[in-house]
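In terms of the UniProt record's numbering, the sequence shown opens at residue 1 and continues consecutively.
C-beta: ideal position from N, C-alpha, C; glycine also.
Source: prediction; values computed, not measured.
Before any comments, here is the structure.
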Amino acid sequence: MKKMLTGLLTAALVTSGMPLPGAVNVNAAEHVLFINEIMAGNTNTIRDGDVDDPDYGSLGGAYSDWIEIYNSGSKAIDLTGYTLSDSSETWIFPRGIVPAKGFLVVWASDKNKVAKNGQLHSNFKISASGETITLKNADGTLIDTAAATSLKDDESYGRKTDGISEWAVFSKSTPLSANIYSAETTNVKSPVFSHQGGFYTSEFLLKLTTDEAGVKIYYTKDGSDPVPGAEDTFEYKEAINIKSRVGDPNVYSMITNISNDEWSKWEEPAGELFKCTPIKAVAVREDGSKSKIITNSYFVDKDMMTRYKIPVISLVTDPANLFDEEKGLYVNENFENKGDEWERPVHVEFFESDGTLAFSQNSGLRINGGYSRKVPQKPFRLYADHGYDDTNKYKYEVFPGLTKKATGKKLDNFSRLVLRNGGNDNGWTGVMFRDALMQGLVSHLNLDTLAYRPSVVFLDGEYWGLYNIRERYDSEYLKSHYNLDKDKAVILDVWNYPSVQEGEPGDEKAYQRDIIEYLKTNSITDKATYENIKTKMDIDNFINYNVAEIYYGNVDWPGNNLSVWRYKTDDGKYHPEAPYGQDGRWRWLLRDTDFGFGLFQMKSYAFDSLAFATGDVPEVGTFEYANEPWAVFLLKTLLNNSEFRNQFINSYADQINTSFQPARVNDEIDKFKAGIEDAIQENGDRWRRLNAKTTYPSELTWDMNIQAVRNFANNRPSYVRSHIINKFKDIGVTETADINLKTNTAEGYVRINSIDIKSTTPGVIDPGNWTGVYFKGVPVTLKAIPETGYKFDHWEGINGVINTSDTITFDPEGNTEVKAVFKPENGGYKLSGYIRPDFASNFEDIKAGFKVEVIGKELSASTDSKGYFEIKNLSKNTEGYKIKISKPNYILREINNLIISGDTVISTESSPIGMWGGDILQDNALNISDVIEIAKAFNSVKGDQIYNPASDVNMDNSINIMDMVIIAKHFNATPDSYGN
């Protein structure tokens, strides 16, 4: 037992780099140290053990790059003071022991720390495209290097055997254990294409090559896998002419058995479709062994670089995977089928509108959606994580600007994507972006929404239409946005009894037991009942969710498209201290809102969806399933609690006043329209409708449909306010009241109920003088929040009384004007202004970096890229301050006797303080010495050995006559030469 414990302790010390008995740090040991193995794309191999990682700590750390160091000697070696370097950064070992004949891993995580468990983290990451890693001792003597090598995800580059000179790429890495390399002699190298898939304006000859003897290359042009001897497979013998496919007949779009929907049957496209050329190629040895198939799609048209303004996606798969009656996903016999059995391999290429290739990889393909899978233009689901390629993510910022819900950090990798056909918004009254518009209007709230981006899709080379790229709600979504382990994530589809979409059988019982059954047996009017419910469900999230669905007038809800999710905590209890999304409470997913925003005129902006969603008006006919008693139970029950009811009404009012402001919604509609208007007619020509009165969607009918969306946006607010009054009039909610909030926005802002009245809040136009519509009989809460350097002083306007509490609640008895008054902290005032060089320059940061100091007060600020500065907390001074302005290579400027009796602006952007540049020697004089310094490097450019940045006065990366002109303008000037 003692021996076993000793071994375990030693292993722990090795992993952490903590001291071992007898460790040495001597020169004689240097030749026995080796960089043994590195990994630059760790996506699923080993976590770094950093439990404090803000995103992945709860999962055991992040998947960080790593470097393994091997000690072939007979004694442990202390690396304290040694350095590791990549191409740009050097990291010094704060400690670290490599045991004899053992290993030490350094995590190249860019965290630059020693983790709690002793794990070492460097200050750099490793580029997967390849960069040299260097190990040096404390004196700077080179110990070892690892040459730059391009690696795929989860591949490592290491010595074939520990410590030897020969290196290899490992498909299975061996961190902290011996390297054992065994090359797969049957691997066949894939053919090399002379041209990458993409956009071309003229035809060209495509060459396929291999450097392996005795290998033949076979290729196809129809999406099928190349198989020697197959009818559509060609042996490569000469360059392939890749050209425009104008004149080629439509093929896959002429397959008719793809829809059995009475209202949406197949119809022939209105003319020839635009096409690309998909090339699949494979290398085959004489013994029949094959390489990996390589796929590239080529778009050739003289106007190709400007043909589309949105991304282009090429899906290439064996046509039988789509259209074969037995196994094809797309045909009538099979398109309703779901699950793993009905997934097929596909190659995905994603091009930006200018032809830039974002990613190209093999994936899994399924038909997506419910009813929408019935129509001819079917939606698709793409899987990067099902083992079809070396990477399990689409590593690209598919949705520019998208951030993680929990942390606000950029989200630029995805396991799954959906190519949506617009859902129910794809019919004769459709605009193809309703759901994306509605989700986008509330994406800033604590509410789950799906990102959107329009695209054009090609299927096996044929134009297949306009598609919406969307995220998908599943365990991978929750992992990406909230860092949830798949085993802890639960998603339920809620019907009369919920069913598990993601999770384990039985996970649905907690929702039914803790919320539905609990509320059936406990009175929601009891405070204890409501307090308990708040630990089971996120009330703020639930209210925002219902406000959105009700405002949108979605008639395909709540009896359909109702989903909830939660994180299963270890003890099954609510943990308010946990990161957002990990506290164990249920939250709601906004999805499939297509039937909202007036999709059908009979349910347009006047529709009382509040009465509908609470069961006051039982629906009869088409949508009677949508507000059955089970579907409306939760909201209807909670509205009987006064605290919940007031929060619901106020939150609804908050969003009507901001998120749903007609001006804001119309701006968003304009953006969505502009995004696809150039693509809408081509889509309409591809997907014609038998029962359409006009070809759908012609630009005329599409514009008419968009106007219907605008009409909803413009007219909805007044109707929903009347619905609120009608619903709650019996408890005293009978009128609206305007609340006008005034404040100096430089000093602070006001939060009313759930919204911050700031310019950054969507829908807030004038935060200093803002008016919102609220309801008499429903108390509102105001909170004053000061900006840095200020503190709240008092409220004005509430019943004529000055109130000094920063938070107040009052019942608006009528139109009310309230002013929040702030004052400088510690009696201080603000000094601000603009500064610029007294010359023209295109260098974007030429105005930045001027230091403004208040002499004797230890207060200073530096200008930003616009030349603006701001110094806070200046006290009143009738005698005047001395202000110094400086920047290297500029003549010092001083302003004397500046009186401060309040916030003071000493210059404006249109009339800034000028500074004279050209003081190369920094002696506070512009003279012949400065001219000589420029002459020494005259006509040099950045990168030349004689180039001196100090002499490049206007920062145009070259030293020329303009730099001399700048000095000549104020020649012989000193600080005293400035005017007052």
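Could you pull out every residue in the same chain whose Cβ sits closer than 7 Å to the Cβ of residue i, ignoring the five residues on either side in sequence?
i    : result
D903 : Y829 and K830
L478 : L484, A489 and W565
L599 : N424, D425, T429 and R434
E502 : D474, S475, A489, V490 and I491
V852 : S860, A861, F869, I871, I883 and I885
V547 : S651, Y652 and Q655
In this structure, does DSSP put residue i in helix, strand or coil?
i    : result
H347 : strand
N641 : coil
G979 : coil
A270 : coil
T186 : Interpretation of T186 is limited by its pLDDT of 41, a score under 50 that renders its predicted location unreliable; no figure is taken from the coordinates.
A62  : coil
F648 : helix
I164 : coil
R472 : coil
V555 : coil
G465 : strand
H794 : strand
Identify, in the order they occur along the chain, each residue of the same chain with its Cβ nearer than 8 Å to the Cβ of residue i, setting aside the five sequence neighbours on each side.
i    : result
E933 : I920, L921, N948, A950 and S951
G768 : K742, T743, N744 and T745
Y497 : E508 and Q512
L365 : L315, T317, N321, L329, E343, R344, P345, V346, F380, R381, L382 and Y383
Below 8 Å on the Cβ atoms is my guess for residue i versus residue j; work out the distance and round it to an integer in Å.
i    : j    : result
P376 : S264 : 6 Å
F433 : N468 : 7 Å
V818 : I739 : 7 Å
P278 : G223 : 5 Å
N36  : Y70  : 4 Å
S165 : A40  : Incorrect: roughly 21 Å between the Cβ atoms, too far for contact.
E787 : E747 : 6 Å
Does the separation of the CB atoms of residue i and residue j fall below 8 Å?
i           : j    : result
T736        : R721 : yes
I808        : F775 : no
G130        : S150 : yes
residue 996 : L84  : The structure shown does not extend to residue 996, since the chain spans only 1 to 980, so no value can be given for it.
A848        : W916 : no
T391        : H347 : no
L329        : I367 : yes
D654        : I755 : yes
So is residue i buried or exposed if we call it buried at 16+ other beta carbons inside 10 Å?
i            : result
K896         : Reading off the sequence shown, one finds Asn at residue 896, where the question assumed Lys. Exposed, because fewer than 16 other Cβ atoms sit within 10 Å of the Cβ of N896.
E397         : exposed
residue 1003 : Residue 1003 lies beyond the residue range present for the chain, which begins at 1 and ends at 980; the question has no answer from this structure.
T356         : exposed
E343         : buried
M254         : exposed
E238         : exposed
G49          : buried
Y580         : exposed
A451         : buried
R245         : buried
G96          : buried
E235         : exposed
P505         : exposed
R381         : buried
D845         : exposed
V733         : buried
E879         : exposed
S202         : exposed
Could you pull out every residue in the same chain whose Cβ sits closer than 6 Å to the Cβ of residue i, ignoring the five residues on either side in sequence?
i    : result
A11  : Summary for A11: the model assigns pLDDT 38, below 50, so the residue's position carries little reliability, and this model does not support an answer.
K405 : H481
L690 : Residue placement at L690 is poorly supported in this model, since its pLDDT is 31, which falls under 50; the coordinates still yield a value, given next. K265 and E267.
D538 : R585 and R587
F623 : V555
K727 : L610
F672 : F433 and L437
T186 : The pLDDT assigned to T186 is 41, lower than 50, so where the model puts this residue is not dependable, and the model offers no usable value.
Heavy atom of the ligand COA less than 7 Å from the Cβ of residue i, yes or no?
i    : result
S475 : Inclusion of the ligand COA in the displayed structure is not the case, the ligand content being empty and no account of it being possible.
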